[in-house]
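Report on one structure; see the data block that follows.
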Amino acid sequence: MSELTRAQIRDLMGEVMKAQGKTLPSDDGADLREIGFRSLDFSELALRVEDEIGDELNFDAPGLRQIAKVGDVLDFIEQLQSA
Amino acid sequence: MTAKRRTTALIGDDNRVVVGGKTLTWRTLHKLPQLPSPAAVLVDNGADALAAVRHHAVHGTELLVATSSRVDLAMREELGESGFAVVIANGDEHSVTPAKLKRVEESGRVWLLTSGSTGRPKRIGHTLESLTTVRGQQQPRTWLVPYSPGTYAWWQVITISLTQADQGLVVIEPSELETWPAIAAEHGVTAASGTPTFWRQTIYRDTEALAKVPLEQITLGGEPVDQAILDRLHEIFPEARISWIYASSEVGASIVVHDGKAGFPKAWLDRDPDPEAERPILHVDGDELVISSPHHGAGLEGAHRTGDRVEFVDDRVLITGRLDTDEINVGGSKVSAGLVRNVLMAHPAVAWARVFARKAPLVGRMVAAEVVVDPDLGPITDADLVQWCTNRLPDYGVPRRIRFLAEIPQKETLKSDV
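Okay, structure coming up:
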């Protein structure tokens, strides 16, 4: 399956939040700690993306970076898909 | 060399044996031609397996019996090189591949193949004596035999019928597994032993048909036994005694629990030896179950590390799964796959579940699950199950990816690798 669009990744992120009884704000600048998006949620999002694209994401390729806002998550997953 | 032989074998020679649609007795089963000794008899049906056992009981032939599907070509070669003639039994027709190594037989020896769940199957030496662990006088019963011939659980049921009067057998072939309750009801089966997966599948397929079987004794073993399946069976058969057994080819039947609860009492750990009671010594080292058993296989005397992981919950010791697969490390927090599975299975609409680790970024591993939903109580969504688990488990133990399967998977050993 082909790469997911940023909007599709956002939808999956919303599903992760919804499963935790939370809501994903529309603002990409929202702070992850404030909205309660934790490392377990990030990991789940990565698995959901992998299931959608039918392939493993390569987390070694882009190197570590700070992920503090919703937009950072979307940027990072987008980058991982093309890594 | 001669292994110790049990003199009480064949007390059950006139017990009823229903196999392949025929009602016979051990005595009137078809006879195998004189087998070479040692012989590995590979069978495709229950009648040939029983005939091989009776041949052994009468002649003392050194014997390994297994289904042909469990013994691949490489293993047949290994058996030949270990001195076994390989006999393919099929009713009145047999083919014999002579042993490649000539050696002195061990008269009275019975060989079992381990289930192979921890790697390639190993040969474990027993005798009818060591396999016969039910020795007290039993109520007259008719036993279901759903197990694959040659496994330890199969031998447990077979030896009851062979060594005690009034213990009949109804043998279920693999092709009959989906409809066994009808066969069992027709022949008045009153006792049945199976894996938790076997019981779950039966309940899942047709609870009404199961309830028509006049069961007085229900036994579970071969896999971790959770409270949900014990409770469900008790609901269907409130008058039956429900037991679970911890047994393996290596240590034999070592833990037998009749109180309807999962796990065994903590008080059973590290008790003083009691040779009169033939009671195994149970011990926990770290989180591994260690057993010294009088029912052990040949050469396996003393403490045996089972490779099974335990957890203490209140006054019980729960066996949660294999040490090498049960513990899931989620970002440094450890959770037992078996305990997560127990939580999922306790959901009223879940008929079966498997819990496993899935590689994940940031936390290393995450808990994932496969689930089969009871069609009468479903549908449910993954969000429902996540919520159920969130209320009962730490956040790192909640399965984050849940896949729904159409039916309960089951292997020839009646297990499902949970």
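So the sequences go chain by chain: U and A.
Each number in our numbering corresponds to the 1-based position in the first sequence with 645 added.
Position 342 (the second sequence) corresponds to 329 in our numbering; numbering is contiguous.
Glycine included, every Cβ here is placed at the ideal spot set by N, Cα and C.
**Prompt:** Of the residues His174(A), Tyr139(A), Asn329(A), which one's Cα is nearest the Cα of aspartate 218(A)?
**Reply:** Asn329(A)
**Prompt:** Which one of Val337(A), Glu195(A), Trp255(A), Val297(A) has the shortest CA to CA distance from glycine 365(A)?
**Reply:** Val337(A)
**Nearest to arginine 14(A) (by Cα), restricted to the options Ala76(A), Thr150(A), Tyr139(A), Arg63(A)** = Thr150(A)
**Request:** Name, please, each residue of chain U whose Cβ falls closer than 9 Å to the Cβ of leucine 349(A).
**Result:** Ser684, Leu685, Phe687, Ser688, Ala691, Phe704
**Prompt:** I think lysine 253(A) touches glutamine 214(A), with their Cβ atoms under 8 Å apart; what is that distance to the nearest whole Å?
**Reply:** That belief does not hold up - the Cβ atoms of lysine 253(A) and glutamine 214(A) are roughly 16 Å apart, past 8 Å.
**Message:** What are the residues in the segment 356 to 372 of chain A lying within 9 Å of chain U by C-beta distance?
**Reply:** Asp369, Ala370
**Asked** Is there a Cβ from chain U that is less than 8 Å from the Cβ of glycine 286(A)?
**Response** no
**Prompt:** Taking one C-beta from the segment 38 to 49 of chain A and one from the segment 7 to 21 of chain A each time, how about it: are there three or more such pairs within less than 8 Å?
**Reply:** yes
**Item:** Beta carbon proximity, arginine 388(A) to chain U, threshold 8 Å
**Value:** yes
**Request:** Please say whether leucine 657(U) and arginine 693(U) have beta carbons closer to each other than 8 Å?
**Result:** yes
**Item:** Coarse secondary structure for glycine 294(A), derived from DSSP in three states
**Value:** strand
**Prompt:** Taking the C-alpha atoms as reference points, what is the distance between leucine 392(A) and arginine 341(A)?
**Reply:** 10 Å
**Request:** Verify whether the separation of the beta carbon atoms of alanine 152(A) and isoleucine -2(A) is less than 8 Å.
**Result:** yes
**Prompt:** Of all Cβ atoms in chain A, is any one closer than 8 Å to the Cβ of alanine 713(U)?
**Reply:** no
**Request:** Confirm, please, whether the CB-CB distance from serine 135(A) to serine 54(A) is below 8 Å.
**Result:** Here residue 54(A) is threonine; the residue named in the question, serine, does not match the sequence. A contact, by the Cβ cut-off of 8 Å.
**chain A contact residues for alanine 664(U), given Cβ-Cβ distances below 7 Å** = Ala370, Val373
**Segment contact flag, the segment 27 to 34 of chain A with the segment 69 to 89 of chain A, C-beta cutoff 8 Å, min 3 pairs** = yes
**Asked** Can you tell me whether phenylalanine 299(A) is buried or exposed, with buried defined as 16 or more other CB within 10 angstroms of its CB?
**Response** exposed
**Asked** Looking at the C-beta of glycine 318(A), does it have a partner C-beta in chain U at a distance below 8 Å?
**Response** yes
**Asked** Looking at valine 715(U) and aspartate 686(U), is the spacing between their C-beta atoms short of 8 Å?
**Response** no
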